[in-house]
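A.B. asks: Numbering (UniProt numbering), first residue to last: 1 to 361.
Starting off with a structure, shown below.
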């Protein structure tokens, strides 16, 4: 049922109310939104109005290096957004010593490495080494699986880089949601459990096991079929670690390929981001509750160092799914939005991937 006739808003500013009402109708049409009841419609419109208010507040503050605006998810109430559009599960808040093979669970940064030894800028999107921008929302459902989307993005990209194939082969996010039992499916999870699962079990293509944005039963016969596995058991030779609050280690890792990172996603600066660079001041501080993928770094024409990230909120967010976040150096070791607060993991493949059925001669 499509509902478009409710125009009540609770804000005192008449101009804001009128703007939000008119803009919400356009929003519903633009994104083909469907609401199941008048109550759901009202909640969506109230959330949209709150989004408009937050955007106006950010713009009034001025002196920001980024633009904010409406995106496809601007009708999701904040509490629901935190539940379904982020992914850091408390139940999965455990640590895992990844792998038994030499090098796993350690850093691969050579002793004596400094920033001057690294490329001044890296962009894996421009290099054609990224899979698709994904959206946690699908089929009118949302799944708190940002950890799976980010980890899969890292694996498929590094598989492409290390194997030398011409195009990225997208791997299955739904396989991780359904089959990586150390994680909590749509209830959140952690990269280390994803990589541990993939190291032991392997990964199939997204086209073989499509994303449906809900928990399901693992398709065991499919994921254990050697002819369907792009990655088979043992293809991940090592899982390396970055150090928390260490920009050098992260730059070294990103120079080799994308890396999944956790951050604070509660600030309007990030949730409503459209373009530019999100600074530490704009993002503020908050709980680490989301995972994205760092796909590059560099310095803007105005001299601001940045990380380039790929999110899991679809192409209507940011710059077709991408954003720039300030790279703060030693001044703020945790990084803007807390992007360097936690240790990150990234896989390294062995030569056995050369025999993968997903690599065409």
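Note that beta-carbon positions come from the ideal geometry of N, C-alpha and C, so glycine has one too.
A quick note: this is a predicted structure, and the numbers were derived from the prediction, not measured.
#1: Would you identify the three-state DSSP class for residue 348, choosing helix, strand or coil?
#2: Thinking just about the alpha-carbon of each residue, which of 316, 324, 254 and 259 is nearest to the one in residue 283?
#3: Under the DSSP definition of a beta bridge, which residues are partnered with residue 232?
#4: Could you tell me whether the Cβ atoms of residue 296 and residue 254 are closer together than 8 Å?
#5: In three-state terms, what does DSSP make of residue 212?
#6: Residue range of the alpha helix (DSSP H) that residue 43 falls in?
#7: Just reading off the beta strand (DSSP E) that residue 67 is part of, what are its end residues?
#8: If we ignore side chains and look at the alpha-carbon of each, how far apart do residue 341 and residue 333 end up?
#9: Kindly indicate which three-state DSSP category residue 310 falls into: helix, strand or coil?
#10: What's the call for residue 199, buried or exposed, on a 16-neighbour Cβ count within 10 Å?
#11: Pick from 158, 149, 156 and 162: whose alpha carbon is nearest that of residue 178?
#12: Can you check the segment 225 to 301 for any alpha helix (DSSP H) of at least 4 residues that lies completely inside it and give the ranges in chain order?
#13: Kindly indicate which three-state DSSP category residue 324 falls into: helix, strand or coil?
#14: Considering only the alpha carbon of each residue, which of 223, 29 and 87 lies closest to residue 312?
#15: Is the segment 55 to 72 in contact with the segment 38 to 45, if contact means three or more CB pairs nearer than 8 Å?
#16: Less than 8 Å between the C-beta atoms of residue 209 and residue 151, yes or no?
#17: Pair every Cβ in the segment 117 to 133 with every Cβ in the segment 153 to 173, then say whether three or more of these pairs are closer than 8 Å.
#18: Just to confirm the assignment, what range does the alpha helix (DSSP H) spanning residue 159 have?
#19: Buried or exposed: which applies to residue 272, given that a residue is buried once 16 or more other Cβ atoms fall within 10 Å of its Cβ?
#20: Look at the alpha carbon of residue 145 and the alpha carbon of residue 191, and state the distance between them as a whole number of angstroms.
#21: How far does the alpha helix (DSSP H) with residue 79 in it reach, from first residue to last?
#22: Examine the Cβ distances between the segment 216 to 226 and the segment 238 to 251 and report whether three or more of them are shorter than 8 Å.
#23: Assuming residue 201 and residue 349 make a contact with CB atoms under 8 Å, what is their CB distance in whole Å?
#24: Thinking C-beta only, is residue 206 closer than 8 Å to residue 139?
#25: Under the three-state reduction of DSSP, which class applies to residue 127: helix, strand or coil?
#26: Going along the chain, which residues of its own chain have a beta-carbon closer than 7 Å to the beta-carbon of residue 270, five neighbours each way excluded?
#27: Kindly list the residues whose CB is nearer than 6 Å to the CB of residue 356, restricted to its own chain and excluding five residues on each side of it in sequence; keep chain order.
#28: So, helix, strand or coil for residue 121, using DSSP?
#29: Opposite residue 173 in the DSSP bridges: which residues?
#30: Buried or exposed: which applies to residue 351, given that a residue is buried once 16 or more other Cβ atoms fall within 10 Å of its Cβ?
#31: What span of residues does the alpha helix (DSSP H) with residue 109 cover, start to end?
C.D. replies: Reading it off the structure:
#1: strand
#2: 324
#3: 202
#4: yes
#5: coil
#6: 38 to 61
#7: 66 to 68
#8: 8 Å
#9: strand
#10: buried
#11: 149
#12: 247 to 256, 268 to 271 and 280 to 283
#13: strand
#14: 87
#15: no
#16: no
#17: yes
#18: 146 to 163
#19: buried
#20: 11 Å
#21: 78 to 84
#22: no
#23: Wrong, their Cβ atoms sit about 15 Å apart, outside the cutoff.
#24: no
#25: coil
#26: 278, 283 and 337
#27: 230
#28: coil
#29: Paired residue(s): none; residue 173 is not in a bridge.
#30: exposed
#31: Unbroken run through residue 109: none, as it is neither H nor E.
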